[in-house]
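**Q** Pasting a structure here, questions to come.
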Amino acid sequence: MPETRRKWARALVVAGVLLAGVRSFAAGEPEAYRVRFLGVPERRLERELRAVSEAEALRRVPPPSPSFLLLRGKDDVPRLLEILRSDGYFAARVDVRQVGGDGRRRLVFDVAAGPRYKIGRVEAQSDPVRPPSARELEIPSGTPARAAYVLEAEQ
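The numbering of the sequence shown is the numbering used here, which starts it at 341 and goes up by one.
Laid out in structure tokens, this is it:
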């Protein structure tokens, strides 16, 4: 019996949070918060990070509390790291923080991309079939270690 009550209580909390967000959005409130990405080494990469960020997508839907805003940001961190790593930034770190007060809240992602890993020398050995060379794979030495290059070479 107590387990059923807990489930109902959780469901009511979730419904209240969702309704609070929908009510604020329907009321036509201005942008609830802004999202900033600091330390991103390239604009193209920042656009990719924004594209996968749920906090960015939901910025016009005010969260019910500041702690929920921070949770939105923390939920984004694994997705942001995946994008950074797929672009060759394997040692990247992302921290999230909230700054500002009512009406001027910002969710800030502090990106420490670290070094961009590059492909060194590509060498493959196989017997009796001769594997393609690095030149044939079109992966020149010094190319950023982006996931897309590696996946294309596998084709």
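Ideal Cβ positions, reconstructed from N, Cα and C, are used throughout, including at glycine. Predicted model only: the values in this text are computed from it and were never measured.
(1) For the candidate residues Gly413, Gly428 and Arg400, whose alpha-carbon lies nearest to that of glycine 460?
(2) I'd like the list of long-range same chain contacts for arginine 390, defined as Cβ closer than 8 angstroms, with 5 residues on each side in sequence excluded.
(3) Which residues bound the beta strand (DSSP E) around arginine 374?
(4) For arginine 445, I'd like the list of residues in its chain whose CB is within less than 6 angstroms of its CB, leaving aside the five on either flank, ordered along the chain.
(5) Answer with buried or exposed for aspartate 467, where buried requires no fewer than 16 other C-beta atoms within 10 angstroms of its C-beta.
(6) Skipping 5 residues on each side, what residues in its chain have a beta carbon closer than 6 angstroms to that of alanine 487?
(7) In chain order, what residues of the same chain lie with their CB nearer than 8 angstroms to the CB of arginine 412, ignoring the 5 residues before and after it?
(8) Roughly how many whole angstroms lie between the Cα atoms of arginine 437 and phenylalanine 430?
**A** Reading from the atomic positions:
(1) Gly428
(2) Val375, Phe377 and Glu396
(3) 374 to 378
(4) Tyr373
(5) exposed
(6) Ser426
(7) Glu394, Ala395, Leu398, Pro403 and Leu447
(8) 22 angstroms
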